[in-house]
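To start, the structure itself, in structure tokens.
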Amino acid sequence: MQNSTQNSELKDREDVAESRVSFGASSASALFYALNHNRIRDEELWGLGNRIRVCSERENHWVGDELHNTETGELYAGNGNLWSCGSKLCPSCVAKASNRSRKELKLSLKNQKLLTGEMYQFITLTIPNPGLSLIQTRAVIDRIWTLFRKRDYFKHKVRGGSKSEEFTLTENGYHYHYHLLCVTRFLNFTEFRREWSECIEIAFREFNLPCEFKTEDGLAMVKIKRLSSSANGLKGAIQEVCKYVTKSDSWEKLPQKDLIEVASIKRFWRMFEIFGSFRAQRNANVVLESPNVFITYLLTKLIVEVLKYIRTGERITILDTKQISDGECSSEFADLPEKVPKKQREMPWRKYILENGLESYFEKLAEQVEKTRYSRKCFLSLKYKYAMFHTLDGVSFSFE
Ligand SMILES: [Zn+2]
Numbered sequence: 471m472q473n474s475t476q477n478s479e480l481k482d483r484e485d486v487a488e489s490r491v492s493f494g495a496s497s498a499s500a501l502f503y504a505l506n507h508n509r510i511r512d513e514e515l516w517g518l519g520n521r522i523r524v525c526s527e528r529e530n531h532w533v534g535d536e537l538h539n540t541e542t543g544e545l546y547a548g549n550g551n552l553w554s555c556g557s558k559l560c561p562s563c564v565a566k567a568s569n570r571s572r573k574e575l576k577l578s579l580k581n582q583k584l585l586t587g588e589m590y591q592f593i594t595l596t597i598p599n600p601g602l603s604l605i606q607t608r609a610v611i612d613r614i615w616t617l618f619r620k621r622d623y624f625k626h627k628v629r630g631g632s633k634s635e636e637f638t639l640t641e642n643g644y645h646y647h648y649h650l651l652c653v654t655r656f657l658n659f660t661e662f663r664r665e666w667s668e669c670i671e672i673a674f675r676e677f678n679l680p681c682e683f684k685t686e687d688g689l690a691m692v693k694i695k696r697l698s699s700s701a702n703g704l705k706g707a708i709q710e711v712c713k714y715v716t717k718s719d720s721w722e723k724l725p726q727k728d729l730i731e732v733a734s735i736k737r738f739w740r741m742f743e744i745f746g747s748f749r750a751q752r753n754a755n756v757v758l759e760s761p762n763v764f765i766t767y768l769l770t771k772l773i774v775e776v777l778k779y780i781r782t783g784e785r786i787t788i789l790d791t792k793q794i795s796d797g798e799c800s801s802e803f804a805d806l807p808e809k810v811p812k813k814q815r816e817m818p819w820r821k822y823i824l825e826n827g828l829e830s831y832f833e834k835l836a837e838q839v840e841k842t843r844y845s846r847k848c849f850l851s852l853k854y855k856y857a858m859f860h861t862l863d864g865v866s867f868s869f870e
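Heads up: the sequence shown runs through residues 471 to 870, numbered per the numbering used here.
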């Protein structure tokens, strides 16, 4: 029985990995097509397209069975990518970011205590479609949010929460909206909508846009749903708030000029944010909630040393015990590597292309990707010694 559950779990992970590979590949080709079609020679954009393509290669995606939860020992199946391009246009990397957001939000929720009269609410805020490009629309909605958050009404009613954004593309343009999961006092539906609508009107005026609400009462559409404060009640909302920020395939539907515009953003905006009381205890808890970070730290240190040994033949020094003996490892937490450590700070890829050209970058990229894939495989098999891994191109790896 357990076996068959595990098998279906593994199958699920394989399906997820497959769909990321195919969405990623189509994101990259949508971008290449747009660049070609519009005769855009911008080397950075071609570089970006290639990064997404490489990130979606079958050999870049792993699926593993019998990974263990380091706290509970529970076994599970997992999947992921070995090298990450980090682009907002890449479904695998966006999924990774969503995962991080979900963890962050769960941690914040753990620390909330509802006061008398307070409740959890799931709120969707919409704006009338201003008929602008995606990036311009986003600037408008961001302004509305800033206005809304500064209002006394908001400060009085909402103690803290998380905000994520999403857009859908329809025949009439972009429908941008926010999802909030927050702790609030009782909200009067009409009053809440009026406050939000006023902020929309002010922002639209600032941007010289005509503003019209196509509702019976002339107020913006808002959805408010009260949630049960049980873990189960919040679970669905967490999923909703932290799901892939845009559906992966929507890049293909994007008009070419918008796709190019989005691809040209160097520093993408944060699409997930926590505020107020959700923020307060965040930093203090990261260390407390991660009893395994030290183990992870030792493992990554081991890999660095092994890699160094392979490269230079230098002696391996694995444990740095001077800080452990007296239990003083707090300073180690501060600079813990998030995943596989980088040996040295690499030059940012955009800068590299600018200085050395695309040809040279492709060579460098290939080399980087190969190295990262290798060390990531080492990391995974060391961390999950009992697990069996394979990449989507059919190559297995595990701890020997
Ligand atoms: Zn990626």
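Where is the CB? At the ideal position from N, CA and C, for every residue including glycine.
Quick caveat, the model's predicted, so the values are computed rather than measured.
Check, Outcome
"Residues near Glu484 in its chain [Cβ-Cβ closer than 6 angstroms; skip 5 each side]", "Val533"
"Cys652 - DSSP class collapsed to helix/strand/coil", "strand"
"Neighbour-count burial assignment, Pro680, 16 or more Cβ in a 10 Å radius", "exposed"
"Leu579 to Glu743 span [Cα, whole Å]", "14 angstroms"
"Cβ-heavy atom distance, Cys555 to ligand 1, below 7 angstroms", "yes"
"Nonlocal neighbours in the same chain, by C-beta distance under 7 angstroms from Lys821, ignoring five residues either side", "none"
"Boundaries (first-last residue) of the beta strand (DSSP E) holding Gln591", "Met589 to Thr596"
"Three CB pairs or more closer than 8 angstroms across the segment 509 to 517 and the segment 817 to 835", "yes"
"Backbone CA spacing between Asn599 and Phe637 [nearest angstrom]", "11 angstroms"
"Ser571 beta carbon near ligand 1 (any heavy atom closer than 7 angstroms)", "no"
"Separation of Lys841 from Glu829, as counted between CA atoms", "19 angstroms"
"Glu837 to Trp553 span [Cα, whole Å]", "12 angstroms"
"Boundaries of the beta strand (DSSP E) in which Tyr546 is found, first to last residue", "Leu545 to Asn551"
"Cβ-Cβ distance between Glu604 and Glu722 below 8 angstroms", "Note on residue identity: the sequence assigns Leu, not Glu, to residue 604. Result no, Cβ atoms of Leu604 and Glu722 do not sit closer than 8 angstroms."
"Assumed close pair Ala565, Leu480 - CB separation to whole angstroms, cut-off 8 angstroms", "The pair is not a contact, with the Cβ atoms about 18 angstroms apart (cut-off 8 angstroms)."
"Where Arg740 falls: helix, strand or coil (DSSP)", "coil"
"Cβ shell of Lys834 (< 7 angstroms), same chain only, five flanking positions each side left out", "Tyr822"
"Ala495 versus Glu527 - alpha carbon distance", "8 angstroms"
"For Leu852 and Leu545, the rounded distance between their alpha carbons", "16 angstroms"
"Assigned secondary structure, Tyr623 (DSSP; H/G/I helix, E/B strand, else coil)", "helix"
"Alpha-carbon to alpha-carbon, Leu595 and Arg490", "29 angstroms"
"The segment 662 to 671 contacting the segment 635 to 649, beta-carbon criterion three pairs below 8 angstroms", "no"
"Reduced DSSP secondary structure (H/G/I, E/B, other) of Phe867", "strand"
"Cys871 vs Ile510 beta-carbon contact at 8 angstroms", "One cannot answer for residue 871 here, as it falls past the ends of the chain, which runs 471 to 870."
"Inter-residue Cα distance where the pair is Gly519 and Ala498", "5 angstroms"
"For Lys633, the first and last residue of its enclosing beta strand (DSSP E)", "Val628 to Thr640"
"Lys566 - containing beta strand (DSSP E), residue span", "Lys566 -> not in any beta strand (DSSP E); alpha helix (DSSP H) instead, spanning Pro561 to Lys580."
"Delimiting residues of the alpha helix (DSSP H) encompassing Arg675", "Phe659 to Glu676"
"Any non-hydrogen atom of ligand 1 within 7 angstroms of Ser698 CB", "no"
"Pair within 8 angstroms by beta-carbon distance, Val865 and Val524", "no"
"Own chain residues within Cβ distance below 8 angstroms of Trp891, not counting five before or after", "The question about residue 891 has no answer, for the chain in this structure spans 471 to 870."
"Straight-line gap, Lys855 to Gly706 (C-alpha atoms, nearest Å)", "32 angstroms"
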